[in-house]
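Just so we're aligned: the sequence shown equals residues 16 to 215 in this note's numbering. Glycine is no exception: its CB is placed at the ideal position from the N, C-alpha and C atoms.
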Amino acid sequence: MLAKIKRFLIGRPLFNDQLSGEKYSVFWGLPILASDAVSSVAYAGEQMLLVLIPVIGLASYGYGIIISACILGLLLILMFSYRQTIDNYPNGGGAYIVAKENLGVLPGVAAGAALAVDYVLTVAVSISSGVEQIASAFPELLPYSVPISVFLALLLMVGNLRGIRESSKIFGLPSYIFIILMVFLLGTGFIKAAVTGPPP
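Set out below in structure tokens:
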């Protein structure tokens, strides 16, 4: 019975010669590999202000811009680092492999462990923030925030266990929808500011 449920949820196991078909294209790979940065855009600003406002009040809005600029600089460094990694490891190389070959085993293990912790925290914070935003639009869902969060975490787990190719399409589409809506939101804001001026 459990074997049937497992087969239904995550599919049939793949042989080594079938793994080559699990690679994803650039179009579907981009939202998967950039999901950490994309999810941070969704809630990072709000969470930053929630911490700063009780401490320094309205001045936190000025510091928020400075902190955002620092984060943007960090993302640029990260982008160049990824580019160097792709050039030097064309057949693939994660944080563990790159750190191990250049710095040694211990830094490699530390990089791999840090990446695992980062994934866990990203899932936890992203899901809780997303459910909080949904509950703010539909207050009747607020008492069910924890069950909804657990369900979404299980959904992410099952999606990833089904394989790279399938999960890239399942999780890539919401990422592209979010990016399109974010561009639309920014464009609308800039147009309104140019036509009617900034709000008071």
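- Ranked by Cα distance from I142, the first of I206, Y111, F166 and G202 is F166.
- Segment contact: the stretch 148-155 against the stretch 128-138, fewer than three CB-CB distances shorter than 8 Å; contact not assigned.
- For the set I192, K207, T203 and A209, the Cα lying nearest the Cα of V53 is the one of I192.
- Ranking M94, G127, L118 and F95 by CA distance to the CA of G109 puts G127 first.
- For Y134, the enclosing alpha helix (DSSP H) covers residues V120 to A152.
- Membership of A168 in the alpha helix (DSSP H) is indicated by the continuous run S160 to L176.
- By the C-beta density criterion, P189 is exposed, having fewer than 16 other C-beta atoms within 10 angstroms.
- When only Cα atoms are considered, Y97 and G119 end up about 19 Å apart.
- T100 and V210 have their C-alpha atoms some 44 Å from each other.
- Closest in C-alpha terms to I80, from the list I92, M63 and L91, comes M63.
- Y78 places its beta carbon less than 8 Å from that of L67.
- By the criterion of a C-beta distance shorter than 7 Å, I82 is surrounded in its chain by M63, once the five residues flanking it on both sides are discounted.
- Y111 carries a helical assignment under DSSP once its states are collapsed to helix, strand and coil.
- In the three-state DSSP reduction, A49 falls in the coil class, being neither helix nor strand.
- Distance from the CA atom of I194 to the CA atom of L90, rounded to whole angstroms, is 17 Å.
- Contact check for S160 against A150 passes: the beta carbons are separated by less than 8 Å.
- A direct Cα-Cα distance of roughly 20 Å separates I112 from A49.
- The C-beta of P69 has fewer than 16 other C-beta atoms within 10 Å across all chains shown, which makes the residue exposed.
- Y78 sits in a helix when the DSSP states are folded into three classes.
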